[in-house]
Structures are given as structure tokens and as C-alpha cells.
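Using this note's numbering, you'd call the opening residue of the sequence shown number 493 and step up by one each time.
Let me begin by presenting the structure, written as C-alpha cells, before commenting on it.
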Amino acid sequence: MATATNNEFFEALAALEKERGLPEDYLIEKIKAAIVIAVKKDYEVEDDNVIVDIDPAAGAFRASLAQDIVEEVENPHTQVSLEDARRVRKTYKVGQRLITPLKTKEFGRIAAQTAKHVIRQGLREGERSLQYNEMQSRAHEIISATVVSLDPERGNIVLDLGKGGSAVLPRNEQVPGETFTEGQVVQVYVVDVLATERGPRITISRTHPGLVKRMFELEVPEIYDGTVEVKAIAREAGARTKMAVYSKDPNVDPVGACIGAHGSRVEKIVSELGGEKIDIIRWSEDITAFISAALSPAKVVKVELLPGETRSCRVTVPDHQLSLAIGNKGQNVRLCAHLTGYNIDIRPESGYYGEEE
């Protein structure tokens with residue numbers, strides 16, 4: 493079999509040397525596919541009629557045409573008569589295949605261009621696959637990204653994610669009041685990664701509660717090693733987050749572990765979030781105790797679970813704690829409802845007992 497020496501074809505192969513991180517087997521398969529397409533086009537045959545052998549160490553390939561030996565030729569491209577085959581070798585029989593090595597010059601410019609195109613396409617597919625795998629491994633994680641450009645009209649920001657490519661941080665996934673500048677490094681939460689024809693489509697966020705949860709996992713060793721578990725989290729980005737924690741070890745205080753000595757751990761996260769308030773609450777299997785704790789910083793007198801299929805409760809608080817329990821524009825009670833999964837009706841102590849009388 494002849495070894496290919498066509499300069500144009502090897503120019504296409506040389507492009508491979510500039511690429512990094514693409515598996516050799518994947519590239520070889522793509523090159524084979526390119527050569528098969530080129531031969532099929534020039535010789536009007538099918539895949540089965542093309543044999544390609546690639547030697548990556550030598551940077552060379554051998555291509556051959558396989559034709560079926562028949563008594564009567566119906567397709568001169570894919571078949572050869574027994575008479576013609578025996579001119580090559582007298583021992584040939586009907587049913588065997590005549591293998592003809594192809595010289596590189598027979599491919600011509602079209603073959604080289606076809607190969608180049610398929611190889612480039614293969615490289616792009618490989619890059620997209622690697623990008624997807626890279627980003628898929630970072631799903632539900634925090635990554636550092638660099639601000640590439642800002643769209644002042646829409647408020648969207650394009651971020652460079654490194655190996656994972658780029659992604660858009662929409663205005664509604666930004667914390668209200670945040671400002672960005674080109675070149676700034678910001679932390680974002682990878683909400684989801686989807687494979688598309690144009691490469692991975694990455695959904696990122698600065699408002700997702702998962703961002704705060706991951707920050708605590710990175711900052712609090714007891715969460716990272718599984719001693720303390722984050723049971724639930726509710727967030728209104730830029731304003732307040734409530735996080736319910738539980739310790740599997742009775743000797744470990746889950747709330748204290750998250751707050752840290754003199755508040756060092758929680759203060760660091762509050763600072764990274766631009767001053768967002770964080771309430772850390774002890775989770776309890778007793779839903780009334782959990783709801784009572786979740787309304788922190790307000791004190792609770794009583795929690796009554798209401799009958800019916802809807803998860804609802806009535807909470808009584810001291811009169812002077814009513815506005816604190818409800819929170820600014822209802823934020824505290826709203827976050828408590830998200831955290832516990834219960835609809836909460838708050839009543840002042842005097843008003844409640846007045847109704848009973």
C-alpha cells in the first residue's frame with residue numbers, strides 16, 4: 493500500500509499539532525472519516541469499499557479501494573470482473589475482494605479540502621465535548637469568572653469561564669445594586685449545563701441560594717466533611733438569606749460552626765455577598781420548633797398547625813415583635829415560609845387572645 497505524501501493533506505493534519513487536550517483516538521477516527529469521504533467522492537463508492545490505515549507515529553496513512561470480484565459487473569465503481577481481477581493475481585475467485593492501493597495524488601485538491609473540513613469540524617466537536625465535560629463537572633459549584641463585556645441597555649454581562657468557554661449573567665440573575673467592570677473577577681453559581689450543537693449552554697447566577705450554600709461548604713469544615721448538614725435554604729439576594737442546619741454529632745453545635753469564632757465565618761461570607769444579612773437557624777424534625785426558629789430574629793409565643801391538606805400554620809408573637817416577625821415588606825415571614833414549606837399567618841399576642849375572648 494502506498495504511503496500518503498500529499499502536501500496539502502498534511503497541512504490539514506499539521507493543524508492537529510496546535511490543539512491540546514483532544515484524545516488521540518478521537519482525532520484518528522475523525523481523520524479516517526475525512527479520508528473515507530474523500531475517496532467516496534472521487535471513486536463513487538460506499539464506506540464499505542474504502543479501507544483506511546493510519547499510523548499516527550509516522551504521521552502517515554494508507555488508503556485502499558476494495559471491489560467485489562464478480563462474474564458480471566453491474567457497478568464498475570464497486571465491482572470488478574473475475575477476468576480483470578486475475579490480471580492482478582491469477583488465484584482470485586468470485587466472492588473475494590480486489591484491494592487496490594490508492595496513490596495520494598489521485599485524491600487531488602478536493603480530497604485534501606474535504607479532509608481539512610472534516611478535521612476542523614471534528615476538532616470543534618471535540619472542543620465542545622471537552623468544554624461540556626469540563627463544565628458538567630462544575631454544575632452546582634461556584635466558579636470564578638472574568639467580566640468580558642457589559643450590555644448597559646439590557647444589563648447583561650458576558651463572563652469568561654476559562655476552559656468552560658463563556659456565559660451570560662442576565663440582569664435577573666444579578667444581585668440588585670451590584671455593579672461590574674471589565675476585567676473584574678466575580679464568583680458565580682453554575683445552575684445548569686446543557687449540551688447543544690454550538691457547545692455547552694451554561695446557566696449561571698449570583699442570586700441562586702446555592703451560591704450561599706456552596707460558600708458555607710467552602711468556609712465551614714464541618715459542612716464539607718458532612719458533620720453539619722444544610723437542610724434548607726431560602727434567599728432574597730442582596731437582602732437576606734435564611735439557612736437551616738443540623739448536626740449529626742450531638743457534640744457539634746451546627747449554628748455555632750457556621751457562625752465561627754466571634755462570627756468570623758459568617759462575616760466573611762456576608763462581606764463577599766456585599767453585606768447581605770444571613771440568618772442561621774437550627775433545623776428540627778419538630779415542625780413547630782423549626783417554624784419558631786425560622787422566624788428569627790423575632791421571638792415566638794406559639795405555633796399552631798392548621799388542619800387541612802395545605803401546609804399552613806398560625807404563629808403568635810408578642811405585640812412588640814410583630815413588625816420584626818413580618819419583616820421589611822414582609823421579607824422575614826416570606827423567607828420563613830420558603831424555608832419551612834409552610835404558609836404562615838402571623839398574629840399579635842393581644843389580638844389573638846382578644847379573639848378568643
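Ideal Cβ positions, reconstructed from N, Cα and C, are used throughout, including at glycine.
This one's a predicted model, so the numbers in the text were calculated from it and none came from an experiment.
Assuming the contact rule is C-beta atoms closer than 8 Å, Ile725 and Lys705 should be a hit. Round their C-beta distance to whole Å, please. 5 Å
For Val677, the nearest candidate out of Val650, Glu721, Gly748 and Asp643 (CA to CA): Val650
On the DSSP bridge assignment, give the partners of Leu571 in chain order. Before going on, a small fix: residue 571 reads as Gln here, not Leu. According to DSSP, Gln571 bridges with Asp560.
Go ahead and pull the three-state DSSP assignment for Asp547. strand
Going by Cα to Cα distance, which pick from Ser629, Ala558 and Gly654 is closest to Val640? Gly654
Starting from Glu714, follow the beta strand (DSSP E) in both directions and report where the run begins and ends. Counting along the chain, Glu714 falls outside any beta strand (DSSP E), though it belongs to the alpha helix (DSSP H) covering Pro713 to Tyr716.
List the whole-angstrom C-beta distance separating Glu633 from Val712, where the pair is believed to meet the contact cut-off of C-beta under 8 Å. With 8 Å as the limit, Glu633 and Val712 do not qualify as a contact, their Cβ atoms being about 16 Å apart.
Near Gln628, which residues of its chain fall below 7 Å by C-beta distance, leaving aside the five closest residues on each side in sequence? Val685
Counting along the chain, where does the beta strand (DSSP E) carrying Leu686 start and finish? Val677 to Thr688
Extent of the continuous alpha helix (DSSP H) to which Ser932 belongs: Residue 932 lies beyond the stretch modelled for the chain, which goes from 493 to 849, so this question has no answer here.
Touch check for the segment 820-840 and the segment 781-788: three-plus C-beta pairs under 8 Å? yes
Proximal residues to Pro810 (C-beta, below 8 Å), its chain only, five neighbours per side dropped: Result list for Pro810: Lys791, Val793, Pro840 and Glu841, in chain order.
Asp652 by DSSP, collapsed to three states: which one? strand
Helix, strand or coil for Glu674 per DSSP? coil
DSSP-derived helix/strand/coil call for Lys522: Here Lys522 sits in helix by DSSP.
Let me confirm a value: Arg512 is counted as buried when at least 16 other C-beta atoms fall within 10 Å, else exposed. Which label applies? In this predicted model, Arg512 has a pLDDT of only 48, less than 50, meaning its place in the structure is not dependable; the value taken from the coordinates is given anyway. That one is exposed.
Are the beta-carbon atoms of Ala729 and Thr699 separated by less than 8 Å? yes
What is the DSSP secondary structure of Glu709, reduced to helix, strand or coil? helix
Check whether the Cβ atoms of Ile523 and Ile543 sit closer than 8 Å, and answer yes or no. no
Nonlocal neighbours in the same chain, by C-beta distance under 7 Å from Pro746, ignoring five residues either side: Closer than 7 Å at the Cβ level, and outside the excluded window around Pro746, lie Val720, Val737, Tyr738, Ser739 and Arg774.
Out of Val795, Gly647, Ile591 and Val758, which one is the CA nearest neighbour of Asn541? With distances taken between Cα atoms, Asn541 lies closest to Ile591.
In the structure shown, what three-state DSSP assignment does Gly513 receive? With a pLDDT of 49 at Gly513, under the threshold of 50, the modelled position of that residue is not reliable, and no figure is offered here.
Measuring from the CB of Glu670, is there a heavy atom of the ligand HEM at a distance below 7 Å? The ligand HEM is absent from the structure shown, which contains no ligand whatsoever.
Best match in Lys821, Asn820, Ser788 and Glu801 for proximity to Val807 [C-alpha to C-alpha]: Ser788
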